[in-house]
Amino acid sequence: MARRDAFDKPFEPGQIENQLREYWENHKFYRAKREDGKIPYTIVMPPPNVTGDLTMGHVLNNTQQDILIRRNRSNGKSACWIPGTDHASIATEAKVTKMLADQGINKRDIGREEFLKHAWEWKEKYGGRIVSLLKTLGVSCDWDREVFTMGPEYSRAVIKAIVRLYKEGLVYRGFRLVNWCPVSQSVISDEEVNPEERQGNLWHIRYPVEGAPGTHLIVATTRPETLFGDLAVAVHPDDERYAGLIGKRVIVPICNRAIPVIADTYVEKEFGTGVVKITPAHDMNDFAVGERHKLGLLNVMNPDATLNDKVPSAYQGLDRFVARKKLVAQLEAEGLLEKTVPHKMVVGISERGGVPIEYYLSEQWYIKMDGLAEMALSATRNGKLKLHPPHMEKIWEYWLTNIKDWCISRQLWWGHQMPMYTCASCGHVHCEEEKPHKCEKCGHGALVQDSDCLDTWASSWLWPFGVHNWANPNAEQQKDLEYFYPTDIIVTGPDIIFFWIARMIMAGEYFTKTTAFKDVYFTPIIRDSKGRKMSKSLGNSPDVHALIAKYGTDALRFSVINQVVLGQDIYWSDDACDLGKTFANKIWNATRFLLMNAEKFGVVASEVRFDDLKARPQDTLLGWMTSEFFDVVQRAHDAIGRLEFAGYTSALYEFVWMVYCDWFVELCKPRFADPSTMSAAERKLSQDTITTALQVLDGILRLLHPVMPFVTEQIWQNIGEHEGKTLGQSPMPQPRPDMIDASAIAAMREVQSVVSAVRTVRGQFAVHPGADMKVTIHAAKEKFGLMVPQMEFLARAAMTFSSQRPALCGTAMAGGIEVFVDLAGFVDPSAERDRLEKKIQKVEQTLEGVRKRLGNEEFVKSAPEKIVQGAREQLAANEKELAVLRDSLKALT
RNA sequence: GCAGCCGUAGCUCAGUUGGUUAGAGCACUGCCUUCACACGGCAGGGGUCCGGGGUUCGAGUCCCUGCGGCUGCACCA
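The numbering used here applies: residue 118 is where the first sequence begins, and numbers increase by one.
Now the structure itself:
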């Protein structure tokens, strides 16, 4: 028995969603199981940072995955969606460090162990937050399989991978310039350095020429404080201004060191003064120049970007920017500052610390990338991996063919500690999963583990197989690994294509000899309504909870998905949620209406199932409905097959609202009159009508469920007896071309045209909708068969089938059919005359176009027959319409 | 500077391989509380598809070019 009483008038999502969430979770409907004979469909969720808050990006990304998973589950695959969280080494460490600092605790004072205790505490306290936030979205992942990148099993995989790479010669230690974040006091990756335009100065500084008092070279620099590290000044070899000085020496101001003047084509003659100070330890380009000229290295900074003991004592310990100010003042005082020119420049800002980075000399661990990059490139080149949108492949190609070795060590504590053990006695380095007892070389017992941590991405790159305890699987895990890996698709933002996607492919190819996934879907970036990126500092990120509270989860999901077009950013504004909210409400109310009538006609709604809609009904209305339904099944199916999410939702939206509700349900109404006034045959027709309507509704719920899981499940539960079951496990309607009857669609189009024609005349003369009208239709009544009562109901008009036009009437064409709306008593003739004249003008215009086209011999000769035929039909139709309209006009004058 | 994406109604965007009269939501106008829904119904107004050239019988769609916006990469010390 259907629970119609469970339907409140408007749909109120709040309470319902909470109950369903619990229901789903308690029944563990989404547990991923290996099933014989079923094809697996696997997605690993991009693990959100444990530090994270739920953003619109998460909503979008996870809803998209959920749609794919739910659809494939309902299509009969064994769906497996594995969730998890990322320890986010540097981001989390920054948060914990700040929390401690707020309590007056310096992390370096308490030491590694104590710090990690705080970090774990923090993770236990806040790490679950993002998970519970994700759950509110109704994502259908298998929470029993949740993985944390610093969990024991996963950590083991991370270490195993590095050790293997080391033993196979792909990990090495290098001493070079790195991107240094003075706040985190760690190396950071190129991808974590964001270039920003800043207003700076070009300081023109005099470097006296050695042995030639009164003469000097003017060096233009944006970073005067690094002059303490200068090892040369360079000019262009062809620069005549300085040709005589090459090979001589100049004096570095303040610290009074003599350095050579060298010639290098790196210098641009036109820029600044054409003289560049060369500071190899603090600039990437200078480093290269230094190597070419064998200048050596002179580091003048500490890890926190204060000046070190290699600079004059007055500057030691000063922050780089404090030192800059002081230095410029001193240069000016000593007459060594020629001038200061304002200068716009691009500065690398640390994503982590929010301050300009330093290029800093240090020893770090690297992974050789050329071979790995080659593997990733061949995955796309041979088609094993497809990127969506495809143009991302250009970016992919460029990055991978210009790749630099991957610096994997970080001067952090929160993360996987490097498995590198150095012998205290002989300095020999071991890379092992477990700490060796003694040095393999000298036998000494004291081995010291490298204090650095691995880059976060050196753990998450194993994600697609690491989630199955790759390092040490038990029998079950091994079977899972074989069944659920490789995965089908990864859904993620385009910003982590290099950080994560490319490296997952490398890891998959290298460690498992498999391409980790077949497709990469890059989600749109969500911007605010003005097109700005969402950021904390702008405060333009919507409060997802507030949105869910105001509109409901389904509304949020539907509304955002309806804007997803491959490769396009989304400009989001919160009131877009109205779309989904009203849509959910619409379906809800349509259901109420049908249940009400089911009851009236004794149809047991709980027993009506989509699966019983096996053949197309004979009745025109029902046959048409079935055809339209399977048409949208096909279109929705095609859209999601092409990963066109908005195509999927908009096809369903249009069908449900405009076809099913606005036409079909309305056309049903005459059949839902008082049963006691009906003949047995009429009652049977009404019952059949309700049955088909409910079958289609069931189909709609299944199609919509992946996007709007809550409202569809609730309706489904309300209609039937489904305790312990979920709509999410009902099979998805499959395309059935045999169920589509083009002639039924065409026949119904004529019905719709006639109704619309009458309504248009009514509307244009503002005739009260309640007023019953008389309409004459120039066609045989038999043409419309049983649909006449429906037409009369929707048009609110009594229909006569005849060629006799009433004296005063509004004329309209419905397809090829003339429709005359009797206007006697509603309007005066001049109003209809005006309307007809306008209409005639319009038709003449189109007619002219068609005539011209058909008059063109080339068109008739070259265009496909179908198109030419179409034009001919249009010509005939327009000519007929024109004639009818002119006759009507004549009749009025 | 190099590469990619985009420019369609007041706003946000659809528009599959070129093909009848270019669509939706929101906003706007008129009429309607008709027994599913006013979170609703019916009807309507609103577009030189960024500009210019080309290919074609035919271009919003393909090619060239200019302008504007966004993104990625590389950069000037």
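Backbone N, C-alpha and C define an ideal beta-carbon position, used for all residues, glycine too.
Owing to the predicted nature of the structure, the values given are computational and were not obtained by experimental measurement.
Residue(s) in a DSSP beta bridge with residue i
i, result
"residue 418", "424"
"residue 534", "570"
"residue 349", "395"
"residue 664", "BP columns for residue 664 are empty, so no partner."
"residue 1024", "Absent from the structure is residue 1024, since the part of the chain shown begins at 118 and ends at 1010."
"residue 159", "197"
"residue 205", "Bridge partners of residue 205: none, in fact."
"residue 893", "917 and 937"
"residue 264", "201"
"residue 650", "644"
"residue 481", "291"
"residue 527", "570"
"residue 374", "369"
N-terminal and C-terminal residue of the alpha helix (DSSP H) that residue i is part of
i, result
"residue 191", "173-191"
"residue 984", "982-1009"
"residue 900", "Note, residue 900: premise wrong, no alpha helix (DSSP H); not H, not E."
"residue 601", "592-601"
"residue 235", "224-253"
"residue 559", "No alpha helix (DSSP H) contains residue 559, which DSSP labels as neither H nor E."
Buried versus exposed call for residue i [16 or more other C-beta atoms within 10 Å across all chains shown]
i, result
"residue 955", "exposed"
"residue 679", "buried"
"residue 264", "buried"
"residue 126", "exposed"
"residue 118", "Note that residue 118 scores 37 on pLDDT, short of 50, meaning its location in the model is unreliable; the coordinates nonetheless yield the value given after this. Exposed, because fewer than 16 other Cβ atoms sit within 10 Å of the Cβ of residue 118."
"residue 401", "exposed"
"residue 128", "buried"
"residue 847", "buried"
"residue 764", "buried"
"residue 589", "exposed"
"residue 399", "buried"
"residue 781", "buried"
"residue 244", "buried"
Contact check, residue i vs residue j, beta carbons under 8 Å
i, j, result
"residue 555", "residue 545", "no"
"residue 611", "residue 639", "yes"
"residue 433", "residue 444", "no"
"residue 957", "residue 1003", "yes"
"residue 204", "residue 266", "yes"
"residue 325", "residue 368", "yes"
"residue 671", "residue 503", "no"
"residue 571", "residue 525", "yes"
"residue 342", "residue 490", "no"
"residue 384", "residue 378", "no"
"residue 274", "residue 578", "no"
For residue i, the first and last residue of its enclosing beta strand (DSSP E)
i, result
"residue 464", "454-467"
"residue 315", "310-325"
"residue 875", "Premise fails: residue 875 lies in the alpha helix (DSSP H), 859-881, not in any beta strand (DSSP E)."
"residue 931", "926-931"
"residue 81", "What the structure shows of the chain is the stretch from 118 to 1010, and residue 81 is not part of that stretch, so it cannot be assessed."
"residue 645", "643-645"
"residue 303", "303-305"
"residue 106", "Outside the displayed span of the chain (118 to 1010) sits residue 106, for which this structure offers no information."
"residue 329", "Counting along the chain, residue 329 falls outside any beta strand (DSSP E), and DSSP gives it neither H nor E."
"residue 548", "546-548"
Below 8 Å, how does it come out for the stretch 734-754 and the stretch 801-811: are there three or more Cβ pairs, yes or no?
Contact holds: three or more Cβ-Cβ distances are below 8 Å.
Please confirm if the stretch 892-901 is in contact with the stretch 829-840, defined as three or more CB-CB distances below 8 Å between the two stretches.
These segments do not touch.
Using 8 Å as the threshold, is the stretch 868-883 in touch with the stretch 756-771, meaning 3 or more CB pairs across them?
No, they do not touch.
Pair every Cβ in the stretch 267-274 with every Cβ in the stretch 454-470, then say whether three or more of these pairs are closer than 8 Å.
Two segments are said to touch when three or more pairs of C-beta atoms, one from each, lie closer than 8 Å; by this definition the stretch 267-274 does not touch the stretch 454-470.
At least three beta-carbon pairs within less than 8 Å, the stretch 595-603 to the stretch 164-178
Touching, no.
Inspect the CB distances between the stretch 226-245 and the stretch 210-218 and report whether three or more fall short of 8 Å.
The stretch 226-245 is in contact with the stretch 210-218.
Answer yes if the stretch 659-667 comes into contact with the stretch 816-824, meaning at least three C-beta pairs across the two stretches below 8 Å, and no otherwise.
Segment contact: the stretch 816-824 against the stretch 659-667, fewer than three CB-CB distances shorter than 8 Å; contact not assigned.
So does the stretch 483-502 actually touch the stretch 346-362, counting three or more Cβ pairs closer than 8 Å?
With fewer than three CB-CB distances shorter than 8 Å, the stretch 483-502 does not count as touching the stretch 346-362.
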